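In full-length UniProt numbering, the protein residues as written are 1 to 188.
The block underneath contains the structure these notes are about, expressed in structure tokens.
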């Protein structure tokens, strides 16, 4: 376990510059280390993120303050994350009758559902809203013309449980028109 921790520290933490070691930035790196640990080093481990962060930072005295108050800093980080805008894609089939929503952008859409949206993004076709609960801004780019025969396959590990297009209809059973997109928020 010690060799695993040393490897993770070298890869994700030790070489960070001063700014990246501040709590609001450090937790992004800790999060990446945790995902890497679960994806590639020990997928069977049931250690929580909090336990993992504590374990990972234990040999580094410069992070004692963070370790001692880990729950507080983690709570602050989650609050900070809510102020970072989210971007995503709404993938519509050619007939505009089914949808796949995806809340990451655009590299993540490719990695996590296997569809390249980079040439289809238009700065005019999007829905933008602010989540009432968190105040987090979200922008979902509308990508139409997705072939229904496309095989959505993730290239990530343990991040996506199900990829499934959902059929939907606009009130009154009328066909969806590009200028009148109404979508009930749904996260896959």
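Glycine included, C-beta positions come from ideal geometry on N, C-alpha and C.
On a predicted model such as this, the values are computed, not experimentally measured, just so you know.
Contact check for residue 165 against residue 98 passes: the beta carbons are separated by less than 8 Å. A buried status is given to residue 88, since no fewer than 16 other beta-carbon atoms sit within 10 Å of its beta-carbon. Taking the CA atoms as reference points, residue 3 sits about 41 Å from residue 137.
Annotation: the continuous beta strand (DSSP E) that includes residue 126 extends over 126-130. Bridge partners of residue 167 according to DSSP: 98. Residue pairing for residue 146: DSSP places it in a beta bridge opposite 93. Assigned with DSSP and collapsed to three states, residue 117 falls in coil, not helix or strand.
Taken through DSSP and simplified to helix, strand or coil, residue 4 comes out as helix. Spanning the alpha carbons of residue 51 and residue 34 requires a straight line of approximately 10 Å. C-alpha of residue 1 to C-alpha of residue 20: approximately 25 Å in a straight line. By the 16-neighbour rule on beta-carbons within 10 angstroms, residue 130 is exposed. DSSP, reduced to helix, strand and coil, places residue 152 outside both helices and strands of the structure shown, so it counts as coil. Remark: C-beta atoms of residue 90 and residue 163 do not approach each other more closely than 8 Å.
Remark: C-beta atoms of residue 111 and residue 155 approach each other more closely than 8 Å. For residue 139, same chain residues with a beta-carbon under 7 Å away, outside a window of 5 residues either side, are 85, 87, 126 and 128 in chain order. About 6 Å separates the beta carbons of residue 77 and residue 24, which is inside the 8 Å limit, making them a contact pair. If you compare the alpha carbons of 115, 58, 133 and 61 with that of residue 148, the shortest gap goes to 115.
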